[in-house]
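The structure appears below as C-alpha cells.
Number of protein chains: 2
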Amino acid sequence: MNSLSPLTAQFVSHFGEMGSRWGINRTVGQIYALIFVSPKLLNADEIAESLEFSRSNVSIGLKELQSWRLVKLRHNTGDRKEYFEAPQDVWEIFKSLAEERRRREVDPTLSMLRDALLETPANEADTYAQDRMRQMHELIELSSTWFDDVQRLSPETLARLMRMGSSVKTVLDMTDKLKIVTGRGRSVKSKDE
Amino acid sequence: MNSLSPLTAQFVSHFGEMGSRWGINRTVGQIYALIFVSPKLLNADEIAESLEFSRSNVSIGLKELQSWRLVKLRHNTGDRKEYFEAPQDVWEIFKSLAEERRRREVDPTLSMLRDALLETPANEADTYAQDRMRQMHELIELSSTWFDDVQRLSPETLARLMRMGSSVKTVLDMTDKLKIVTGRGRSVKSKDE
DNA sequence: TTGAATTTTCAATAAATACTGAAAATTAGA
DNA sequence: TCTAATTTTCAGTATTTATTGAAAATTCAA
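Keeping their order, the protein sequence lines are chains P and F. Going by the numbering used here, the letters in the first sequence line up with residues 1 to 193, in that order. Going by the numbering used here, the letters in the second sequence line up with residues 1001 to 1193, in that order.
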C-alpha cells in the first residue's frame, strides 16, 4: 500500500478482510475504505497507485461500488478524469447499503416464497414445508416493511427512537392505555389480528 | 436433487443461489433450506442423498451451520446417528443470525475503529480520516446497541412496534409532551446532548 | 476392551473468482 | 473530424474456495 499513512492503511486492510466475508471482494472493500477516509476526491489512477492494484481492477471495483451506490462520480473543472467520493452522511450510506441488499437479496426471496405459497401441496411433507415458508415470508415481509417505515423517519426522530432503547415498551404501553381511554385508534390485539 | 418435491426443490435451489451472495456457500445454503422445511429430523446421510453431495461435504456444511447456531443437533433414541433440525421459531432464527453476524463482522470492526481513534493523527489527512472513522464508529455502535435493546423486547412488544411503522414518531412526540408536563425523565435534546 | 457404526479430517482435484496487461472503445476538446 | 486522454473490456493466468473419496478418528454398545 503505497504511501498510505499507517492509520489509513490499517483501516483499508481491515475493510479488505471484511469485504470478503461480505458479498463484496477484498479489492472492492479496500477501494471503498480508501475513498471513505480520503479528504479529497480520488481518481482511478490514484487509487491504483495507492493500493497497488492494476488500473483495470480498480475500474471494475469502482463500477461495483457505483452499482451499490456507495461512491459518487464527480468531475473536476478542467480535468477530464473521473473522481470519486463517498457520500458524507453515514446514515445515507447505511441506507443505500440496506436498500441495495434488499433489492438484491430480500426481494427475490420474497418473490420466490410468494410463488411457492401459491402452489398446491402434493402431500403431508409439502404442507409442512409450505407452512415453514409462510412463517419465513411473514417475518421477512414484516421486518422489511418496518425497515422502510423507519428509514423514512427523520434522522432526529430515528436517533430519538434509538436512544430510547428497550424502554420503548413503556411508551407503547402508555399509548395503548391512552387509546383505550380516549377511544382513538384500534386497540392492539393478539399477533394474528 | 434426489426425490425432493418440486416445492422443496425450488426453495432449496433458491437458497443455494442466495447463499453464495451471502457469506455462506451454495452447499451450506441448500443444506439449511432442506432442514428448514423438513417435517422430520434429518441425518447427514439423508441430506447427502437428497442433495447429491458427498458425505464429507455435508459434514463440513453441518459444522458451519452449527457454528452459526442455525441448526440444532438431536439424537433419536436407539439410533446412534446425529439428527438435525432448524429451530421452530423464525424470530429465534433471525436473532441467532444477527448475533452471529455481529460477533463476526461488527465487533471486530468496532474494535479496529476504537484502536484507530486512539492514535494521534500525523497530519491533516489523518485528522480527516480519523473523523470519518469516528462517524462510522458512532453509527455502528448506536445501531448495534439499539439492536441489542430491541432484541430483548418480547416478540409481542416487538410486533407491536413494527406494526406501528412510521407512526412511531407521533407516539414519541406524545410522550415527550407528557414528560415535559409531568417533569419525569430527561427531555430529549439535540443530537449531541 | 473390541469392533461396527458413524463422523471427521485431509490431500488431491475441480470449480469459481479475482486480477492482469494489452487492446479496444469512449470521450471531449482542438 | 481528429487525436490524445481516459476508461472499459477481455482473454489468459493466478489465486482462492469448494468438493470429493479414502483414510483416520471417534463413539457407543456388547
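A virtual CB, placed ideally from N, CA and C, is assigned to each residue, including glycine.
- Interface residue (Cβ-Cβ distance to chain P less than 7 Å): E1092 of chain F is not classified as such.
- Here the segment 1115-1131 of chain F does not lie against the segment 1086-1105 of chain F, with fewer than 3 beta-carbon pairs under 8 Å apart.
- Using a Cβ-Cβ cut-off of 7 Å, Y32 of chain P does not count as an interface residue toward chain F, since no Cβ of chain F sits closer than that to its own.
- Within chain P, the residues G23, R104, E105 have their CB atoms less than 8 Å from the CB of R1021 of chain F, given in chain order.
- With a cutoff of 7 Å on beta-carbon distance, V1171 of chain F and T157 of chain P are scored as not near each other.
- Within the segment 1115-1137 of chain F, those residues whose Cβ lies closer than 8 Å to any Cβ of chain P are, in chain order, D1115, A1116, E1119, P1121, A1122, N1123, E1124, A1125, D1126, Y1128, A1129, Q1130, R1132, M1133, Q1135, M1136.
- Buried is the label assigned to S1038 of chain F, since at least 16 other Cβ atoms lie within 10 Å of its Cβ.
- Counted as a single uninterrupted DSSP element, the stretch harbouring E1105 of chain F is not any beta strand (DSSP E), since DSSP gives it neither H nor E.
- With a beta-carbon spacing of about 6 Å, R1069 of chain F and E1100 of chain F fall inside the 8 Å limit used to define contacts.
- For K72 of chain P, the pairing in a beta bridge is given by DSSP as P:E85.
- Just measuring C-alpha positions, the residue of F:N1025, F:R1080, F:D1045 sitting nearest E1064 of chain F is F:N1025.
- For T8 of chain P, the enclosing alpha helix (DSSP H) begins and ends at 6-21.
- Leaving aside the five residues that flank V1106 of chain F on each side, the residues in its chain whose CB is nearer than 7 Å to its CB run, in chain order, I1140, S1144.
- In the three-state reduction of the DSSP assignment, L51 of chain P falls in the helix class.
- When only Cα atoms are considered, A1129 of chain F and E138 of chain P end up about 42 Å apart.
- Using a Cβ-Cβ distance cut-off of 8 Å, the segment 1144-1155 of chain F and the segment 40-55 of chain P are not in contact, since fewer than three pairs of beta carbons, one from each stretch, lie closer than that value.
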